[in-house]
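Asker:
Numbering (our numbering), first residue to last: 1420 to 1500.
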């Protein structure tokens, strides 16, 4: 039994059962999703400098809101992209 576990942990062994592949996919998907959420939260907090960077190439044009919730929605979009 110990040898079987040791054999599965080697990176060159490609003979994993289907359930092990699904488990690895689930773990990697979780890490990628967590990374996207963390980076989006950081970008959401720092949205003002990001908007200033986006406004910089265009002279005399600024982002403005037409409805009450548009600033929040725009900030979320900028943070997620």
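Using N, Cα and C, we set each Cβ at its ideal position, and we do this for glycine too.
All figures in this text were calculated on a predicted structure; none of them were measured in a lab.
Could you check if residue 1467 is buried or exposed, using at least 16 other CB atoms within 10 Å of its CB as the buried criterion?
Answerer: Within the chain shown, numbered from 1, the residue matching residue 1467 stands at position 48. Looking at its Cβ environment, which holds fewer than 16 other Cβ atoms inside 10 Å, residue 1467 is exposed.
Asker: Just confirm the distance between the C-beta atoms of residue 1470 and residue 1482, as a whole number of angstroms; I'd bet it's less than 8 Å.
Answerer: Working through the chain shown from its first residue, we reach residue 1470 at position 51. Working through the chain shown from its first residue, we reach residue 1482 at position 63. With 8 Å as the limit, residue 1470 and residue 1482 qualify as a contact, their Cβ atoms being about 6 Å apart.
Asker: Roughly how far, in whole angstroms, is the beta-carbon of residue 1498 from the beta-carbon of residue 1449, given that I think they are within contact range, below 8 Å?
Answerer: As a first step, residue 1498 must be located in the chain shown, where it is residue number 79. As a first step, residue 1449 must be located in the chain shown, where it is residue number 30. In fact, because the Cβ distance is near 21 Å, the residues do not count as touching under 8 Å.
Asker: So the alpha helix (DSSP H) residue 1486 belongs to, where does it begin and stop?
Answerer: For the purposes of this step, residue 1486 is identified with residue 67 of the chain shown, where counting begins at 1. Looking at the DSSP string, residue 1486 is not in any alpha helix (DSSP H), and its letter there is neither H nor E.
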